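Undergrad: In case it helps, mature numbering (1 follows the signal peptide of the UniProt record, and there is no 0) puts the sequence shown at residues -31 to -1, 1 to 471. Using N, Cα and C, we set each Cβ at its ideal position, and we do this for glycine too. Remember, it's a predicted structure, so these values are computed and weren't measured experimentally. Dropping the structure in here first, questions after.
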Amino acid sequence: MMTKRIGWLAAASVALLAAVAVLIGGHAVHAAPAAALQALVLNDDATTQWAMHSTKGRTNSHQRVHYHGHSLVRLTPARAADLPALHQLLLDLNIDVWSALRGQVDVRAADAHVLKQALDRYLPGVRARTLVADVEKQLLEPHWHAIDERVAVKSVAAQLHDPKSWFAEYHHLDEIYEWYQLLAAAHKDRITLMRNVGTTHEGRELMALRFTNHSSTNVTLPKKQVYVQGGIHAREWIAHATTQYIAYHLATSDDQTITSLLDEVEIVLVPIVNPDGYAYSWTGDRLWRKNRRADARGVFGVDLNRNYPSHWGEAGASKFRFSDTYMGPSPGSEPEVQALMALFDSLPRVVAALDLHAFSQAILHPPSWTLTDTVHEPQLKAMGDAMSQIIKSVHGKDYVSERLVDLYPHSATGTDWWYDQSRPLDNLAGKRGVDAMNMSARKTVFRPYSFTIELRPSQEDTWQTGGSGFILDKREIIPVGEEILPAFLYYARTALDNVLIE
Ligand SMILES: [Zn+2]
């Protein structure tokens, strides 16, 4: 089958080469031989020379990374048609994209003036408005102050049955792992703790939990499965917190929506996909996104959500080690991704899979890498729209429902890879919601509904409050959980009853 590849990639590389030159030297663009520029682009170590003074990946873990003078800038092209070229330019300039929706892109720039100059020269007509003049002063200083003031008033054990207390704070890695272990131990009737499903570069454990009502489990009629993960990007702390919120309610709630679901399904949850990165976001760099892959020259990290073997490197991923979207040396190269894939492969009956991210308030379905719809576009869009309505009904928040590619083209994501995994319908033999459809339409395989949810804040809420983005106030943890949990329950139930077949 012919697939429409994203055609602007090659065209945008011309703008890239020119822009790289201006950022290195600030002049002599036209005099620079193309071959020399090409060499710079392909030379990994050159990245740091033109990465707009990025401090990322260059400190040891005992130091805090600062962003003095960095700005958050909103970029709005005059023509929507320029958006793909803008994204390609930002990618190749190693600019950290925070949010992209509705034709505008919010980025962190080490030097907003230089960024604006580059845009004026190579993509004229892009309006640039500074939203936060100094990221360090306005966002990170208050954040680190709060972290330093944070005192554990209660032990993790004491908070296990006190969700108001637990969800009043973000928690660091050790606390979260302890909390999940205690939760599993206290709810053995519903939770099986899966230890060491993988090991990270820094030797940390990847943990998973399997939720189901054990007393309703029948070995001859295995249950369908739902897969959830959170925290693939370290700095998106609300994703880690929301994963805990979902887990807590699956473990403890007597609500019939949840108990009936657990009677029929196994929910496998990986609460912290990127523990190395998350730990580092607490001790070193609050804006760290990737894992902590290192070599003799230092830590650079791989964007785990650009590393899955699904159209790896085809769009919206960087070849440069220091880029926030570095795709890694090869597809599936990272131990975290390998472990997650092995776990997923061990679950033959997954009818829905979900990845929790922040921010932008969006519910996103495949594909991420091509403009061509999947064959399941109507079902996926309807699912996203319904979740969006449920979320809005709770606290009035608007979550956009669209394809991943509509956010911006990217590739090798977990969400796309899950959708790629078609399994024989026979795996689900005897389960309602499949047999009738299967008989009439001669379908033979099913795929998981696959979604990414970008949590709060929205672009608008972020800047109306003076800037937050990834630094979402801890008082939002419970409201976000309250709006996402019912959407998740709807998602699982609908996938269970309407398996995505073909
Ligand atoms: Zn993310």
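Using the three-state DSSP reduction, which class does residue 124 fall into: helix, strand or coil?
TA: DSSP places residue 124 in coil when its eight states are reduced to three.
Undergrad: Answer yes or no: the CB of residue 209 versus the heavy atoms of ligand 1, is any distance below 6 Å?
TA: Not under cutoff, so the answer is no.
Undergrad: What would DSSP say about residue 214, mapped onto helix, strand or coil?
TA: Residue state, collapsed to three classes: helix.
Undergrad: In its own chain, which residues sit with a C-beta less than 6 Å from the C-beta of residue 135, not counting the 5 before and 5 after it?
TA: If we look at residue 135 and ignore the five residues flanking it on each side, its Cβ neighbours are 128.
Undergrad: I want to know whether the segment 283 to 290 touches the segment 239 to 256 - three or more CB-CB distances under 8 Å.
TA: As far as the Cβ criterion goes, the segment 283 to 290 does not touch the segment 239 to 256, which means the pair count is below three.
Undergrad: Once DSSP output is grouped into helix, strand and coil, what is the label at residue 199?
TA: Strand at residue 199.
Undergrad: If you compare alpha carbons, which of 193, 141 and 320 is closest to residue 121?
TA: Ranking 193, 141 and 320 by Cα distance to residue 121 puts 141 first.
Undergrad: Excluding five sequence neighbours on each side, which residues of the same chain lie with their C-beta closer than 6 Å to the C-beta of residue 29?
TA: Bear in mind that a pLDDT of 46 at residue 29, under 50, signals an unreliable position, so the number given afterwards is only what the model happens to contain. There are no such residues.
Undergrad: Measuring only from the beta carbon, is residue 303 closer than 6 Å to any heavy atom that is part of ligand 1?
TA: Not so, every heavy atom of ligand 1 lies at least 6 Å from the Cβ.
Undergrad: Quick check on the burial criterion: 16 or more other C-beta atoms within 10 angstroms. Buried or exposed for residue 123?
TA: Its Cβ having fewer than 16 others within 10 Å, residue 123 is exposed.
Undergrad: Would you mind listing the alpha helix (DSSP H) stretches within the segment 127 to 204 that are 4+ residues and don't spill past its ends, in chain order?
TA: Those alpha helix (DSSP H) runs which fall completely within the segment 127 to 204 and span 4+ residues are 132 to 135 and 142 to 155.
Undergrad: Have a look at residue 426 and residue 189 and give me their C-alpha separation to the nearest angstrom.
TA: When rounded, the distance between both Cα atoms is 45 Å.
Undergrad: Can you tell which of 195, 253, 262 and 213 has the C-alpha that lies nearest to the C-alpha of residue 173?
TA: The option with the nearest alpha carbon to residue 173 is 262.
Undergrad: Does residue 232 pass the burial test, meaning 16 or more other C-beta atoms within 10 Å, or should it be called exposed?
TA: Residue 232 comes out exposed.
Undergrad: Under the three-state reduction of DSSP, which class applies to residue 392: helix, strand or coil?
TA: Three-state result, residue 392: strand.
Undergrad: I'd like the span of the beta strand (DSSP E) that includes residue 495, first residue to last.
TA: It is not possible to answer for residue 495, since the shown part of the chain is limited to -31 through 471.
Undergrad: Quick check: is any heavy atom of ligand 1 less than 6 Å from the C-beta of residue 334?
TA: No.
Undergrad: When the Cα atoms are used, what is the spatial distance from residue 236 to residue 51?
TA: One C-alpha to the other measures close to 42 Å.
Undergrad: Tell me where the beta strand (DSSP E) around residue 475 begins and ends.
TA: With the chain represented from -31 up to 471, any question about residue 475 goes unanswered, as that position is not in the structure.
Undergrad: Going by alpha carbons, who is nearest to residue 255 out of 457, 105, 76 and 80?
TA: Cα-wise, what sits closest to residue 255 is 105.
Undergrad: Specify the secondary structure class of residue 269 as computed by DSSP and reduced to three states.
TA: In the structure shown, residue 269 sits in coil (DSSP, three-state: anything other than H, G, I, E or B).
Undergrad: For residue 250, which three-state DSSP category applies?
TA: Three-state result, residue 250: helix.
Undergrad: Going by other Cβ atoms of all chains shown within 10 Å of its Cβ, with 16 needed for buried, is residue 469 buried or exposed?
TA: Burial call: buried.
Undergrad: Going by DSSP, what residues sit across from residue 295 in a beta bridge?
TA: DSSP output for residue 295 lists 287 as bridge partner(s).
Undergrad: Less than 6 Å between C-beta atoms, sequence neighbours within five positions excluded: which residues of the same chain meet that for residue 248?
TA: If we look at residue 248 and ignore the five residues flanking it on each side, its Cβ neighbours are 142.
Undergrad: Return the residue from the list 428, 411, 460 and 246 that minimises the CA-CA distance to residue 418.
TA: Per the Cα distances, 460.
Undergrad: Going by beta-carbon coordinates alone, are residue 297 and residue 274 separated by less than 7 Å?
TA: Cβ distance not < 7 Å, so residue 297 and residue 274 don't count as in contact.
Undergrad: Does the beta carbon of residue 348 come closer than 7 Å to any beta carbon on chain B?
TA: In summary, chain B is missing from the structure at hand, where a single protein chain is found.
Undergrad: Quick one: using the 10 Å Cβ neighbour count with 16 as the cut-off for buried, is residue 187 buried or exposed?
TA: By the 10 Å Cβ count, residue 187 comes out exposed.
Undergrad: Using a Cβ-Cβ cut-off of 7 Å (strictly less than) and excluding sequence neighbours within five positions of residue 482, which residues of its own chain qualify?
TA: Not covered by the structure: residue 482. The range shown for the chain is -31 to 471.
Undergrad: What three-state label does DSSP hand residue 46 in the structure shown?
TA: If DSSP states are grouped into helix, strand and coil, residue 46 belongs with the strands.
Undergrad: Please enumerate, following chain order, all residues with a beta carbon closer than 6 Å to at least one heavy atom belonging to ligand 1.
TA: Having a Cβ closer than 6 Å to some heavy atom of ligand 1 are 202, 205 and 326.
Undergrad: If we ignore side chains and look at the alpha-carbon of each, how far apart do residue 201 and residue 326 end up?
TA: Approximately 8 Å between the Cα atoms of the pair.
Undergrad: Going by beta-carbon coordinates alone, are residue 213 and residue 318 separated by less than 7 Å?
TA: Not closer than 7 Å, so no.
Undergrad: Assign residue 305 to one of two classes, buried (16 or more other C-beta atoms within 10 Å of its C-beta) or exposed (fewer than that).
TA: Buried is the call here.
Undergrad: Smallest Cα separation from residue 289: which of 303, 272 and 279?
TA: The option with the nearest alpha carbon to residue 289 is 272.
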